[in-house]
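S.K.:
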Ligand SMILES: [Zn+2]
């Protein structure tokens, strides 16, 4: 196999174990959520929760809907908190985070509040359209949802991320200069590069292109900036710039729009089916919310391999862009090796694991592509 010959190092038992546990944690978390929704519907506890919400909410529809959501999210948080704590404990056990318990708990609290705020907006919007336009509610709800989605993609780097992490403009003059050169090569301008203070929460390295329009920016974790050479950081920057040049965020929004269109159609069909079979009296009975959640959970589970394949395609494109933009692939290769070590990543996951779970090609594949590129460049030197 070409990949093994090139990537050389095999995965340590530690990396294998860590990733296996993480995967099972994800699967268990998913199963708990799925069963929780099923039980709520099958036992009609959802109806009891709705009645309780109406009593607390003074019989007011919108307020009671909000209370119902608080109860629903609260219970699922309680059910899932053990697993989440285990996830945190795992990071500590494998020495991948310096974070302490209190800080973790505070992040959990903030995460819960953020999901409550965002969930409330979406759910209120849903049932508002159902009550106003019972026939074609799903089309309008879909359109409004997409507006919200785009708005959130734009606001995330300035509103959402700073709730959990600190960001500051990158001040390194040498790196800024390199970025300008890379951007000129790309014939584009990136509005900013930010230092992402990840080190307080994780020892892993990371980088990303985020935002839309005026908030579009590259963020580089301090865990990367402080331990990688300027050439290696340039290779990472070039990869992120590749996402920008290929308009991956915009394309992902279109993909999302297509998927949610099908999702909303399926939600409408399911709700009508449930009402026709007397599971609920009417479409606007919000005790059917777990059914809507179930539709979205099942759909995202079924689509996960396809979405990950699409993401891997984008990553390969961004990698290729990086190879073309930097003088040699050496720093790309060494940055990948560092990344694998630092993040305790599996270089060679099994085929089906990569196919189902991975949003990025495995490190061994990325290295193989880089070396391949390096060889073809040497074979045909460009003068
Ligand atoms: Zn990428």
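In the working numbering, the protein residues as written are 433 to 815.
All C-beta atoms in this analysis are idealised placements derived from N, C-alpha and C, irrespective of residue type, glycine included.
Given this structure, state the Cα-to-Cα distance separating residue 446 from residue 769, to the nearest angstrom.
M.R.: Within the chain shown, the letter at position 14 stands for residue 446. Within the chain shown, the letter at position 337 stands for residue 769. Whole-angstrom Cα-Cα distance: 16 Å.
S.K.: Grouping DSSP H, G and I as helix and E and B as strand, with all else coil, what is residue 650?
M.R.: Start at 1 with the first residue of the chain shown, and residue 650 comes out as number 218. Residue 650 falls in the strand class under three-state DSSP.
S.K.: For residue 792, verify whether its CB is less than 8 Å away from any heavy atom of ligand 1.
M.R.: Residue 792 sits at position 360 when you count from the first residue of the chain shown. Yes - ligand 1 has a heavy atom lying nearer than 8 Å to the Cβ of residue 792.
S.K.: Excluding sequence positions up to five away, which residues of its chain have a Cβ less than 8 Å from the Cβ of residue 635?
M.R.: Within the chain shown, residue 635 is the residue found at index 203, counting from 1. Excluding sequence neighbours, residue 635 sits near 527, 528, 529, 530, 655 and 774.
S.K.: Measure how close the beta-carbons of residue 453 and residue 522 come, nearest whole angstrom, since I'm counting them as under 8 Å.
M.R.: In the chain shown, counting from the first residue as 1, residue 453 sits at position 21. In the chain shown, counting from the first residue as 1, residue 522 sits at position 90. Residue 453 to residue 522, Cβ: 6 Å. Contact.
S.K.: Any contact of the region 477-492 with the region 508-522, i.e. 3+ C-beta pairs under 8 Å?
M.R.: No, they do not touch.
S.K.: Comparing alpha-carbon positions, which option in 605, 786 and 678 lies nearest residue 753?
M.R.: Locating residue 753 in the chain shown gives position 321, where the first residue counts as 1. The shortest C-alpha separation from residue 753 is found at 678.
S.K.: Rounded to the nearest angstrom, how far is the Cβ of residue 557 from that of residue 575, given a contact under 8 Å?
M.R.: To locate residue 557, count along the chain shown from 1; it is residue 125. To locate residue 575, count along the chain shown from 1; it is residue 143. Contact flag wrong, Cβ pair sits at about 11 Å.
S.K.: Would you say the beta carbon of residue 671 is closer than 8 Å to some non-hydrogen atom of ligand 1?
M.R.: The sequence position of residue 671 within the chain shown is 239, counting from 1. Yes, Cβ of residue 671 sits closer than 8 Å to a heavy atom of ligand 1.
S.K.: Does the beta-carbon distance from residue 648 to residue 622 come in below 9 Å?
M.R.: Numbered from its first residue, the chain shown carries residue 648 at position 216. Numbered from its first residue, the chain shown carries residue 622 at position 190. In contact: residue 648 and residue 622 (Cβ atoms closer than 9 Å).
S.K.: How long is the line joining the alpha carbons of residue 796 and residue 657, rounded to whole angstroms?
M.R.: Position 364 of the chain shown, counted from the first residue, corresponds to residue 796. Position 225 of the chain shown, counted from the first residue, corresponds to residue 657. Near 23 Å, if we compare the C-alpha coordinates of residue 657 and residue 796.
S.K.: Taking 8 Å as the cut-off, is the C-beta of residue 746 nearer than that to any heavy atom in ligand 1?
M.R.: Taking the chain shown and counting its residues from 1, one reaches residue 746 at position 314. Indeed, a heavy atom of ligand 1 lies less than 8 Å from the Cβ.
S.K.: Give a yes or no on whether the C-beta atoms belonging to residue 706 and residue 643 are separated by under 9 Å.
M.R.: Within the chain shown, residue 706 is the residue found at index 274, counting from 1. Within the chain shown, residue 643 is the residue found at index 211, counting from 1. Going by C-beta atoms, residue 706 is not nearer than 9 Å to residue 643.
S.K.: Taking residue 698 as part of the alpha helix (DSSP H), name the residues at either end of that continuous run.
M.R.: Taking the first residue of the chain shown as position 1, residue 698 is located at position 266. Where residue 698 is concerned, the enclosing alpha helix (DSSP H) stretches over 680-708.
S.K.: Would you mind giving the Cβ-Cβ distance between residue 651 and residue 637, rounded to the nearest angstrom? I have them listed as a contact below 8 Å.
M.R.: Taking the first residue of the chain shown as 1, we reach residue 651 at position 219. Taking the first residue of the chain shown as 1, we reach residue 637 at position 205. In fact, because the Cβ distance is near 12 Å, the residues do not count as touching under 8 Å.
S.K.: Considering only the beta carbon of each residue, do residue 729 and residue 466 sit closer than 9 Å?
M.R.: The sequence position of residue 729 within the chain shown is 297, counting from 1. The sequence position of residue 466 within the chain shown is 34, counting from 1. Yes, the pair counts as a contact, with Cβ atoms nearer than the cut-off.
S.K.: Is it the case that the CB of residue 637 approaches a heavy atom of ligand 1 more closely than 8 Å?
M.R.: Locating residue 637 in the chain shown gives position 205, where the first residue counts as 1. No.
S.K.: Is the region 660-673 touching the region 705-725, taking contact as three or more C-beta pairs under 8 Å?
M.R.: Counting Cβ pairs under 8 Å, fewer than three are found: no touch.
S.K.: Report the start-end ranges of each alpha helix (DSSP H) in the region 574-644 that is 4 residues or longer and not cut off at the edges.
M.R.: Qualifying alpha helix (DSSP H) stretches, in chain order: 605-618.
S.K.: Just the Cα atoms here: how many angstroms apart are residue 692 and residue 568?
M.R.: Here residue 692 is taken as the residue at index 260 of the chain shown, counted from 1. Here residue 568 is taken as the residue at index 136 of the chain shown, counted from 1. Whole-angstrom Cα-Cα distance: 15 Å.
S.K.: Roughly how many angstroms lie between the CA atoms of residue 699 and residue 686, to the nearest whole one?
M.R.: Working through the chain shown from its first residue, we reach residue 699 at position 267. Working through the chain shown from its first residue, we reach residue 686 at position 254. Approximately 20 Å, taken between the alpha carbons.
S.K.: Sorry if obvious, but does the Cβ on residue 640 come closer than 8 Å to a heavy atom of ligand 1?
M.R.: Along the chain shown, read from residue 1 onward, the residue named residue 640 stands at position 208. Answer for residue 640: yes, Cβ within range of ligand 1.
S.K.: Short check: CB of residue 789 to CB of residue 740, under 9 Å?
M.R.: Residue numbering aside, residue 789 sits at position 357 when the chain shown is read from its first letter. Residue numbering aside, residue 740 sits at position 308 when the chain shown is read from its first letter. Their beta carbons are under 9 Å apart, which means residue 789 touches residue 740 by this criterion.
S.K.: Under 8 Å from any heavy atom of ligand 1, does the C-beta of residue 750 make it?
M.R.: Position 318 of the chain shown, counted from the start, is the residue given in the question as residue 750. Yes, ligand 1 has a heavy atom inside 8 Å of this Cβ.
S.K.: Go through its chain and collect everything with a Cβ distance to residue 561's Cβ below 6 Å, but skip five positions before and after it.
M.R.: On the chain shown, residue 561 is found 129 positions in, with the first residue counted as 1. Closer than 6 Å at the Cβ level, and outside the excluded window around residue 561, lie 569, 572 and 573.
S.K.: Could you give the DSSP three-state label for residue 568: helix, strand or coil?
M.R.: Reading the chain shown from its first residue, position 136 is the one you call residue 568. Coil, per DSSP.
S.K.: State yes or no: is the C-beta of residue 675 nearer than 8 Å to some heavy atom of ligand 1?
M.R.: The residue you call residue 675 lines up with position 243 of the chain shown. Correct: residue 675 has its Cβ closer than 8 Å to ligand 1.
S.K.: Out of 498, 582 and 792, point me to the one whose CA is closest to residue 548's CA.
M.R.: On the chain shown, residue 548 is found 116 positions in, with the first residue counted as 1. Closest by alpha carbon: 498.
S.K.: Grab me the residues of residue 448's own chain with a C-beta within less than 7 Å of its C-beta, minus the 5 sequence neighbours each way, in chain order.
M.R.: Counted from its first residue, the chain shown places residue 448 at position 16. Cβ neighbours of residue 448 beyond the five flanking positions: 778.
S.K.: Is the distance from the Cβ of residue 806 to the Cβ of residue 745 below 9 Å?
M.R.: Residue numbering aside, residue 806 sits at position 374 when the chain shown is read from its first letter. Residue numbering aside, residue 745 sits at position 313 when the chain shown is read from its first letter. In this structure, residue 745 does not lie closer than 9 Å to residue 806 by Cβ.
S.K.: Within a Cβ cutoff of 7 Å, which residues of the same chain sit near residue 716, ignoring the five residues on either side of it in sequence?
M.R.: The residue labelled residue 716 in the question sits at position 284 within the chain shown. Closer than 7 Å at Cβ, skipping near neighbours: 559, 562 and 563.
S.K.: What is the rounded straight-line gap between the Cα of residue 591 and the Cα of residue 689?
M.R.: In the chain shown, residue 591 corresponds to position 159, counting from 1. In the chain shown, residue 689 corresponds to position 257, counting from 1. Going by the C-alpha atoms only, they are around 23 Å apart.
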